[in-house]
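See below for the structure under consideration.
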Amino acid sequence: MSESHHRQMKLFAENGGKFISSFSSEFLKGYLDIVRRQFGGQRVHANVVYQEYIKDKEHIHMNATRWHTLTGLCMWLGKQGICKVDETEKGWFIEYIDRDPEKLKRQEASERLEKTEDEINRHFLEKQIEYNLSKTEPTEGPSYTPLVRPDDTPIRLNLSLKTKSSETTDNTDPIQDCEVPEVVEQEKPTNTKFITFGPKKAKPMNPLLAAEQKAKEQRSKSNPAKPNVAERPQSTTGCRRKALDDLMEKEEALKDKRNRRDYWLTEGIEVKLINRKLPEDVRLRHAAVVKMLDNYTAIVRVLRDGTKIKVDQEHVQTVVPPPSSTVMVVNGAYRGEYATLEQVDKDAGCCDLTIAT
């Protein structure tokens, strides 16, 4: 054993706690640096971190620290609140608890930003209500004073009543004719009148309304039969017919909006091939839709030679047969229903159909 080694052992024997504390601090600093920088706040196996730590050739051996095993180190980290630790069948797992002030500020800022719009609006309304209440001055209302009277002093009620004129025909409530009783503290006797309140008298019916009602009763007795529909004014019938037509138009528009689509190809109908890129022998020929691949693409068979072609609905157009033929409505309010072609107006680009019932 060399002389330098003897000297180191002698120094350690004199103050061993100082060396162990120093080595433990360096080991803990290097170990936690790896946890914080490489794994951040992730949950990681303690042995994985230790293997990363001992890759450094100048690392501090765990035997020189106060912890002799990883289990002891993990338990100490958990007690000190430095890491979240848990023991599983695979060993000890640790998760670093970052208490960096800057990170805490950023976390608080993100939490403030996560407030919902309702919370912000509610807070604003509360502040506005408090501000309005602080600015509102109290309104002057009626001031009430308590009844004060000496002991054993009698209370007198002074009722002053108005006299009703004999010529007045107004049927008013007798309660409205009396004034509010006043509480008077006096010992002198006063003239007191007592009033008995009875049921209100029924108001007489307006003579004009009574005469009109009587005339209606006589009219109904003399003409009990209802007027004939044919004798009704033509203006009333026209208004009802117009309202019925408007209602039918609204129903048709609603039905058209509900059934109209941007695709119209239907299996079984006859179409005309109009794509210029098609061969000359099939261009502008009629074909029958034999199979739908999707809403916009179909397989058609040329009627003349039976050639099958895959086409898009942009490459074909519908075929209008002669009048009295049976057709299928491919779009709009009566989509998918059969109808009879009555007539075709080529100039207006429209036709008349009779929907099969």
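Sequential numbering of the sequence shown, starting at 1, is according to full-length UniProt numbering. Where is the CB? At the ideal position from N, CA and C, for every residue including glycine.
Helix, strand or coil for residue i per DSSP?
| i | result |
| --- | --- |
| V289 | strand |
| R301 | strand |
| L278 | coil |
| A215 | helix |
| E267 | coil |
| L273 | strand |
| L284 | coil |
| D245 | helix |
| I175 | In this prediction, I175 scores a pLDDT of 44, lower than 50, which makes its location untrustworthy; the coordinate-derived value is nonetheless stated afterwards. Here I175 sits in helix by DSSP. |
| D294 | coil |
| D352 | strand |
| K308 | strand |
| D256 | helix |
Between residue i and the rest of its own chain, which residues show a CB-CB distance below 7 Å, the 5 nearest in sequence each way excluded?
| i | result |
| --- | --- |
| R66 | I20, S24 |
| I34 | V49, E52, Y53 |
| D86 | F93 |
Taking 7 Å as the cut-off, is the beta-carbon of residue i closer than that to any non-hydrogen atom of the ligand PLP?
| i | result |
| --- | --- |
| D305 | As for the ligand PLP, it is missing from this structure, which has no ligand bound. |
Between residue i and residue j, is the Cβ-Cβ spacing less than 8 Å?
| i | j | result |
| --- | --- | --- |
| Y131 | R36 | no |
| N275 | G332 | no |
| R301 | V316 | no |
| T318 | V282 | no |
| A46 | L28 | no |
| L273 | L265 | no |
| I355 | E337 | yes |
Establish whether the CB of residue i and some CB of chain B are separated by less than 8 Å.
| i | result |
| --- | --- |
| K250 | Chain labels in this structure do not include chain B; a single protein chain is all it has. |
Looking only at its own chain, which residues have a Cβ that is under 6 Å from the Cβ of residue i, when we skip the five neighbours before and after it?
| i | result |
| --- | --- |
| M292 | E267, A298 |
| A64 | F23 |
With a threshold of 8 Å on Cβ separation, who are the neighbours of residue i within its own chain once the five nearest residues in sequence on each side are excluded?
| i | result |
| --- | --- |
| C351 | V320, L341, E342, Q343, V344, D345 |
| E252 | A333 |
> Curious, which full-length beta strand (DSSP E) runs of at least 3 residues does the UniProt domain "DNA/RNA-binding protein Kin17 WH-like" (7-130) contain?
Replying inline: At a cut-off of 3 residues, the continuous stretches assigned as beta strand (DSSP E) that sit fully inside the UniProt domain "DNA/RNA-binding protein Kin17 WH-like" (7-130) are 43-45, 83-88, 91-96.
> Between the stretch 324-338 and the stretch 290-298, do three or more beta carbon pairs fall short of 8 Å?
Replying inline: Here the stretch 324-338 makes no contact with the stretch 290-298; the two share fewer than three CB pairs at distances below 8 Å.
> On the three-pair Cβ rule with 8 Å, is the stretch 54-64 touching the stretch 99-116?
Replying inline: Using a Cβ-Cβ distance cut-off of 8 Å, the stretch 54-64 and the stretch 99-116 are not in contact, since fewer than three pairs of beta carbons, one from each stretch, lie closer than that value.
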